[in-house]
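Heads up: take any position in the sequence shown, counting from 1, add 68, and you land on the working numbering. Positions of the beta carbon are idealized from the N, C-alpha and C atoms, including for glycine. Keep in mind the model is a prediction, meaning the values are calculated, not measured. Reviewing the structure listed below.
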Amino acid sequence: MTVQTDLRPDPAADADLRPEPEIETERRPWGGFERFTLNEPSTVKLIHVEPGQRLSLQRHRDRDELWVALDPGAVFEVAGRRILPQVGERVFIRAGETHRLSSDGPAVRVMEIAFGHFDEDDIERLEDSYGRA
69 MTVQTDLRPD PAADADLRPE PEIETERRPW GGFERFTLNE PSTVKLIHVE PGQRLSLQRH
129 RDRDELWVAL DPGAVFEVAG RRILPQVGER VFIRAGETHR LSSDGPAVRV MEIAFGHFDE
189 DDIERLEDSY GRA
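Take a look at the structure:
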């Protein structure tokens, strides 16, 4: 399940948006797989969040992100919404949307797939528990 968070009021603005990735699921005799990207520029990170910690509230100018919860206890904050994802649940974050990842207790891992130009210097921090905003 992918949660769409694009809350843009102007439908004409959608013409310039990168399409949300189609996630292909295939069954095989041994089980199956999900393919999140195919032959396109993307960057994949596995984010580890320590118990009770959180990343900065941030946004990016040049990339969309797809987050996939890998452990219970993750908290996604996207465009002002607080989401408590189940393991395997996905959320698509458009460039410019505010977002933050945190742990609601245990250590958690989230797979992040960035679409578009990836640069760690693209992070605009709006709030930060570690004094980096």
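CB contact flag (residue i, residue j, <9 Å)
{"i": "L169", "j": "A201", "result": "no"}
{"i": "D132", "j": "I161", "result": "yes"}
{"i": "P87", "j": "T105", "result": "no"}
{"i": "G99", "j": "G173", "result": "no"}
{"i": "P97", "j": "F183", "result": "no"}
{"i": "E118", "j": "V136", "result": "no"}
From the options, residue whose alpha carbon lies closest to that of residue i
{"i": "E192", "options": "L138, T166 and G148", "result": "T166"}
{"i": "V146", "options": "S124, A175, E108 and L138", "result": "S124"}
{"i": "E195", "options": "R127, H116 and P109", "result": "R127"}
{"i": "S171", "options": "E188, I115, D190 and I91", "result": "I115"}
Contacts around residue i, its chain only, beta-carbon distance under 7 Å, and the 5 residues preceding and following it disregarded
{"i": "L75", "result": "In this prediction, L75 has a pLDDT of 39, which is less than 50 and means its spatial position is unreliable; what the coordinates show is noted afterwards. Taken in chain order, the residues that qualify are A147."}
{"i": "L138", "result": "V155, R177, V178 and M179"}
{"i": "P79", "result": "A caution first: P79 carries a pLDDT of 43, below 50, which makes its placement in the model unreliable, though a value can still be read off. Closer than 7 Å at the Cβ level, and outside the excluded window around P79, lies no residue."}
Other residues of its chain near residue i: CB distance less than 6 Å, five sequence neighbours each side excluded
{"i": "P77", "result": "Only weak support exists for where P77 lies, its pLDDT of 41 falling under 50; the value from the coordinates is given anyway. Contacts found: none."}
{"i": "K113", "result": "E180"}
N-terminal and C-terminal residue of the beta strand (DSSP E) that residue i is part of
{"i": "S110", "result": "S110 to V117"}
{"i": "L194", "result": "I191 to E195"}
{"i": "F104", "result": "It is not in any beta strand (DSSP E) - F104 carries neither H nor E in the DSSP assignment."}
What beta strand (DSSP E) runs, 3 residues minimum, are completely inside the region 128 to 179?
131 to 137, 142 to 146, 149 to 151, 158 to 161 and 167 to 171
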